[in-house]
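S.K.: If you scroll down you'll find the structure; I have some questions about it.
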Amino acid sequence: MKLSRRPRRALLVVHVVTSAGWLGLTLGLLALGITAATAGQHATVAASVRSMQLFADWLLLPVAFGTLLSGLALSLGTPRGLARYRWVWTKFWLTLATTAATAFVLRPGVNSAVTAVAGGGPLPDAGEVLFGPCVSLSAYVFMTVISVLKPWGPTRRGRRPRGAARAAGAPLRTAAPEVPA
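If you use the working numbering, the sequence shown corresponds to residues 164 to 344, in order.
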């Protein structure tokens, strides 16, 4: 099923907005994590990890699932497909992995830091509050770069439709000819 122009563009806007939101939330988590890791005062650390918990519990998963689902629908509804290009395939698996890491690693880590600080326990160490946001941020920046550059090329599955089109004599879509200035 291929989407017509308006639904495809609307879905692209949803995907870009949710992806940018996920990146922004991660930057916010990183800023709060740096504050928690460098502040020496218990009240500041407690406020930072509680704010991280608010982001992690209420915002991250809906935005992560919105990004995953809009990207999946966009890839399945366009000629690029899900498994025809390596960069799309890579983005899908990285988005799936970061969504799972958000649900099963980042959120529990933030919640344990909040529990420790609220119970008067030791302050969380820098690795505990910075590792998740740093890894997430790296993955999102990488996915953004490959979305813009579209490196690598078609997968084996993506080369088949092109070969079938050539065999059938159908013209392939090529770049527009350059017009001399």
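All residues carry an ideal CB built from backbone N, CA and C; glycine is no exception.
Could you tell me the distance, in whole angstroms, from the CA atom of residue 217 to the CA atom of residue 320?
M.R.: Each residue's Cα considered, the two are about 42 Å apart.
S.K.: Starting from residue 185, trace the alpha helix (DSSP H) both ways and give me its first and last residue.
M.R.: 168–201
S.K.: One question on the structure: do residue 255 and residue 233 come within less than 9 Å of each other, judged by their Cβ atoms?
M.R.: Contact: no.
S.K.: My understanding is that residue 268 touches residue 295, with C-beta atoms under 8 Å, so please give their C-beta distance in whole angstroms.
M.R.: 6 Å
S.K.: Is residue 225 helix, strand or coil when you go by DSSP?
M.R.: helix
S.K.: Could you check how far apart the C-beta atoms of residue 250 and residue 313 are, in whole angstroms? I think they sit under 8 Å.
M.R.: 5 Å
S.K.: Count the other CB atoms within 10 Å of the CB of residue 322; is the residue buried (16 or more) or exposed (fewer)?
M.R.: exposed
S.K.: Can you tell me whether residue 196 is buried or exposed, with buried defined as 16 or more other CB within 10 angstroms of its CB?
M.R.: buried
S.K.: Any idea what DSSP makes of residue 317, helix, strand or coil?
M.R.: strand
S.K.: If contacts are defined as beta-carbon pairs under 8 Å, then residue 194 and residue 212 qualify, I think. What distance do you get, rounded to the angstrom?
M.R.: Incorrect: roughly 13 Å between the Cβ atoms, too far for contact.
S.K.: By Cβ distance below 8 Å, which residues in the same chain neighbour residue 240 in space, the five residues on each side in sequence not counted?
M.R.: 164, 165, 166, 170, 171, 174
S.K.: Compute the Euclidean distance between the alpha carbons of residue 299 and residue 276, then round it to the nearest angstrom.
M.R.: One alpha carbon belongs to residue 299, the other to residue 276, and they sit about 18 Å apart.
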